[in-house]
Amino acid sequence: MGRSDALLQKMTLEEKIGQLNMVAASRVVTGPGELRDLQEGIRTGRIGNLLNLWGADETRAVQRLAVEESGLGIPLLMGLDVIHGHHTIFPVSLAEACQFAPDLWEKTARVAAEEAAEDGVALTFAPMLDVARDPRWGRIIESPGEDTWVASRMAAAKTRGFQGRDLAAPNSLAATAKHLCAYGAVTAGREYASAEVSERTLHETYLPPFAESVRAGVAAIMPAFIDVSGAPMTANAKLLQGWLRGIVGFEGVLISDYNAVAELLNHGVAADLVEAAALALNAGVDIDMTSGAYIQCLPEALDRGLVTMATIDASVRRVLELKERLGLFDDPYRRGSPPAQAARGPDRRELARDAARKAIVLLSNRTAVLPLAPKIKRLAIVGPLAAAPGEMLGSWASAGKPEDVVSILEGLKAALPQCQIDHAAGVDIDGQEIGGIAAAIDLCASAEVVVLCLGESAGMSGEAASRTDLGLPGRQRALAEAILDLGKPVVVTLSSGRPLTAPWLFERADAVLATWFLGHEAGHAVADVLTGTFNPTGRLPLSWPRDVGQVPIFYNELPSGRPYAPGVHYSSTYLDLPPTPQFPFGHGLSYSRFALSDLRCKPTRVKAGDTIEVSLAVHNESPLAGEATLFLFARDPVASIPRPLLELKGVQKAVLAAGERTEVTWRLPIKDLSFVGANFEPVLEPGRFEIHVGQSADPSRLLSCAVELMT
Ligand code: NOJ
Numbered sequence: 005m006g007r008s009d010a011l012l013q014k015m016t017l018e019e020k021i022g023q024l025n026m027v028a029a030s031r032v033v034t035g036p037g038e039l040r041d042l043q044e045g046i047r048t049g050r051i052g053n054l055l056n057l058w059g060a061d062e063t064r065a066v067q068r069l070a071v072e073e074s075g076l077g078i079p080l081l082m083g084l085d086v087i088h089g090h091h092t093i094f095p096v097s098l099a100e101a102c103q104f105a106p107d108l109w110e111k112t113a114r115v116a117a118e119e120a121a122e123d124g125v126a127l128t129f130a131p132m133l134d135v136a137r138d139p140r141w142g143r144i145i146e147s148p149g150e151d152t153w154v155a156s157r158m159a160a161a162k163t164r165g166f167q168g169r170d171l172a173a174p175n176s177l178a179a180t181a182k183h184l185c186a187y188g189a190v191t192a193g194r195e196y197a198s199a200e201v202s203e204r205t206l207h208e209t210y211l212p213p214f215a216e217s218v219r220a221g222v223a224a225i226m227p228a229f230i231d232v233s234g235a236p237m238t239a240n241a242k243l244l245q246g247w248l249r250g251i252v253g254f255e256g257v258l259i260s261d262y263n264a265v266a267e268l269l270n271h272g273v274a275a276d277l278v279e280a281a282a283l284a285l286n287a288g289v290d291i292d293m294t295s296g297a298y299i300q301c302l303p304e305a306l307d308r309g310l311v312t313m314a315t316i317d318a319s320v321r322r323v324l325e326l327k328e329r330l331g332l333f334d335d336p337y338r339r340g341s342p343p344a345q346a347a348r349g350p351d352r353r354e355l356a357r358d359a360a361r362k363a364i365v366l367l368s369n370r371t372a373v374l375p376l377a378p379k380i381k382r383l384a385i386v387g388p389l390a391a392a393p394g395e396m397l398g399s400w401a402s403a404g405k406p407e408d409v410v411s412i413l414e415g416l417k418a419a420l421p422q423c424q425i426d427h428a429a430g431v432d433i434d435g436q437e438i439g440g441i442a443a444a445i446d447l448c449a450s451a452e453v454v455v456l457c458l459g460e461s462a463g464m465s466g467e468a469a470s471r472t473d474l475g476l477p478g479r480q481r482a483l484a485e486a487i488l489d490l491g492k493p494v495v496v497t498l499s500s501g502r503p504l505t506a507p508w509l510f511e512r513a514d515a516v517l518a519t520w521f522l523g524h525e526a527g528h529a530v531a532d533v534l535t536g537t538f539n540p541t542g543r544l545p546l547s548w549p550r551d552v553g554q555v556p557i558f559y560n561e562l563p564s565g566r567p568y569a570p571g572v573h574y575s576s577t578y579l580d581l582p583p584t585p586q587f588p589f590g591h592g593l594s595y596s597r598f599a600l601s602d603l604r605c606k607p608t609r610v611k612a613g614d615t616i617e618v619s620l621a622v623h624n625e626s627p628l629a630g631e632a633t634l635f636l637f638a639r640d641p642v643a644s645i646p647r648p649l650l651e652l653k654g655v656q657k658a659v660l661a662a663g664e665r666t667e668v669t670w671r672l673p674i675k676d677l678s679f680v681g682a683n684f685e686p687v688l689e690p691g692r693f694e695i696h697v698g699q700s701a702d703p704s705r706l707l708s709c710a711v712e713l714m715t
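In our numbering, the protein residues as written are 5 to 715.
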């Protein structure tokens, strides 16, 4: 008999439910009452899991209580939101998605895992895999962007990175894929609202990244707070049991979101906490995060016949097995060792800088003002995000500290020691005060170039931070227009957790960069790109809207019966704007210029089990070495159901010296052209498939070829 089963036989009901109970512990437990409750709960076995505690000493102290003073000595599982770094803070997830680089996604997760494990953490609530197409939703900042294929690659890379090769290793964390599912589709982008999503969209768009995380061995999954098509996810047995455990074969632990079990009362599907606890447990939710419903009410749910002991045991077994896999029974203190003993990865600040500069997207460079002239003597750096280290940490700072951040101002000063750099904020991020604009204008008088650092505060995106207005907050537009009116070259950096709508800015500024929230090395990374030390490679993982009225906006729409045609009244558009984005998915400039040609598919007549080779020529037409990013899309133009206009099937990068020409080749299995059938089985229909390759999803700039699938 395994350890989990042996333990189960000895456990009281209370001890069993304690293993399903996760309680929030602040890092420094302040109030004496709180401290007593926590200690008491751990000693009595009523608390089996904690979140929000880190630090070698802090975690060791509570672990000791569990191991040495509780009846069965079962170690605690300690979880934390280690999202885009722990001590070393990397770019926020949406920015990381711009890298289109699974190896880098894996590396940053690995370092985050190492650092958090050194602090005694064993579980992270990441990766977040919610496909997000509505920038009103603040959590788009935590997402991999709008595309399912990208989210799936992110799922695998982050899971590998956090969990390492061996979950029991002292530097590995159990990963939690979240939030299952369709959280990004909340009505009107409003946080915690319900989502109305068809079965097909669920299975084609929102669920595949979770299936991919399971294939990568993810240890835990968190259902979303929300109601999806009338079924609150915390009680959604059809998806959690039927699909996730039944079809995908997930055997790990399901952890509710924060207080979500009790919130089933607000959803209106439980009359009391006892029913809520029973609904969640029966749906397969093993751990109740913080609501207390399980520990308080599962005994009564058993008495009322709403749950069975077998269901409780199954959940307890899964939790114990996770603790076993993490090596906690063999050595409960294996995480939380002093840093010197832990295996150190590559230089973390260097990695953070590399990740940050690869996340920057050069949106426009209208007058080729960038890269800055090497001999530049005088710069003005203006705007409320120029010297805002705390904001650069983004939405989940974990243990990261603002004092460790290199601000944009500091980064530019370090990169250009011979240049006089003057700085003024001009306005606050979100205030109405415009008194500082005049001084900012004066400062620009003798500057050769103005770097205007605009955007949101970190708190304007993330959880509970939806916005109806996607423009620059506060009086930043007034500042920007006053500076643009000077007629000097203006380079704009946009620090934000979402695409910001500002067509007037894109029209007038000489160059604009999406710099998101880049973490500790933000300033150095921005300076690397502005000075040309690093030739930008970041690409948009979402369609950047012109106006909030266009959202949700994404490239892989289904065809319309009356497709958009400029100037045609009865076509799919708006009276006041075209339906096209400001910048398409995949957009991002380089200081080099690449031309694509000679797209070929080989063979062109195929059978279902075949793999085709898609190749094209890429030519660096510029005098500067650079990296091209190529997107391969497929389309099934005639099928039994309408298929999207474009579907991403692969991304490749090519590094080319000045003037170099190379060939890029994909091997694309024909089975990748299938769609989800009525019973969620893959369906591959014979006929012609189009293959399109380009540097973005802009349909007017794609090269195309076709393959014929024979019966
Ligand atoms: C609520 C958030 O939705 C979730 O993403 C997070 O992991 C938990 N809180 C724990 O902090």
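For each residue, glycine too, the CB sits at the ideal point set by N, CA and C. Quantities reported herein were computed from a predicted structural model and do not represent experimental measurements.
ask   = Roughly how many whole angstroms lie between the Cα atoms of L420 and P570?
value = 46 Å
message = Quick check: does the Cβ of Y262 come within less than 7 Å of any heavy atom belonging to ligand 1?
response = yes
Heavy atom of ligand 1 within 7 Å of K182 beta-carbon = yes
key: Exposed unless 16 or more other CB atoms sit within 10 angstroms - verdict on H427   = buried
key: D85 CB to nearest heavy atom of ligand 1 below 7 Å   = yes
message = Below 8 Å on the Cβ atoms is my contact criterion, and I expect G542 with K362 to pass it. Report the Cβ-Cβ distance as a whole number of Å.
response = 6 Å
request  = Identify the continuous alpha helix (DSSP H) that holds S97 and give its terminal residues.
outcome  = S97 to A101
task = Sort E328, E255 and W153 by Cα distance to L11 and report the nearest one.
result = E328
ask   = Going by other Cβ atoms of all chains shown within 10 Å of its Cβ, with 16 needed for buried, is A136 buried or exposed?
value = buried
message = Could you give the first and the last residue of the continuous alpha helix (DSSP H) run that contains Q300?
response = A297 to D307
key: Beta-carbon contacts of H91 that lie in its chain and below 7 Å, excluding the five residues immediately before and after   = E119, A403 and G404
task = For the beta strand (DSSP E) containing K749, list its first residue and its last residue.
result = Absent from the structure is residue 749, since the part of the chain shown begins at 5 and ends at 715.
query = Excluding the five sequence neighbours on either side, which residues of its own chain have a C-beta within less than 6 Å of the C-beta of G340, listed in chain order?
reply = A60, T63, R64 and G124
task = Pull up the distance between the alpha-carbon of A661 and that of N539, whole angstroms please.
result = 12 Å
request  = Note down, in chain order, each residue of its chain lying with its Cβ closer than 6 Å to the Cβ of V711, except the 5 sequence neighbours on either side.
outcome  = C605, T608, V610, I616 and F693
ask   = Do V323 and G52 come within 8 Å of each other at the CB atom, strictly closer than that value?
value = yes
inquiry  = Within the continuous beta strand (DSSP E) that includes K405, where are the two ends?
reply    = That residue, K405, is in no beta strand (DSSP E); it is neither H nor E in DSSP.
Extent of the continuous alpha helix (DSSP H) to which H528 belongs = A526 to T535
key: C-beta atoms of Y262 and A281 nearer than 8 Å   = no
query = Once you ignore the five residues that flank P503 on each side, which residues in its own chain have a CB closer than 6 Å to its CB?
reply = P139 and W548
key: Nearest-angstrom Cβ-Cβ length linking P106 and T152, presumed shorter than 8 Å   = That pair is no contact at about 15 Å.
Residues that DSSP places opposite A599 in a beta bridge = H623
ask   = Between S97, S319, A241 and H183, which lies nearest to S8 when the distance is taken from Cα to Cα?
value = S319
message = With DSSP as the reference, identify every bridge partner of W548, one or two as the case may be.
response = F587
ask   = Can you name the start and end residues of the alpha helix (DSSP H) that R68 belongs to?
value = A60 to R68
inquiry  = Can you tell me whether E467 sits near ligand 1, meaning its C-beta is under 7 Å from at least one heavy atom of the ligand?
reply    = yes
ask   = T633 and F104: beta carbons closer than 8 Å?
value = yes
task = Compare the Cα-Cα distances from V495 to each of R671, E467 and T535 and report the closest residue.
result = T535
key: Cutoff 7 Å; reference D602; Cβ partners in own chain excluding five residues on either side   = L620 and A621
message = Taking 8 Å as the threshold (C-beta atoms), are V222 and A173 in contact?
response = no
T238, enclosing alpha helix (DSSP H) - first and last residue = Neither: T238 is in no alpha helix (DSSP H) and is coded neither H nor E.
ask   = For T715, does the count of other Cβ atoms within 10 angstroms reach 16, so buried, or fall short, so exposed?
value = exposed
ask   = Say the cut is 7 Å; is the CB of L55 nearer than that to a heavy atom of ligand 1?
value = yes
message = Would you say the beta carbon of F229 is closer than 7 Å to some non-hydrogen atom of ligand 1?
response = yes
query = Are the beta-carbon atoms of A101 and L57 separated by less than 8 Å?
reply = no
Which of helix, strand or coil DSSP assigns to A284 = helix
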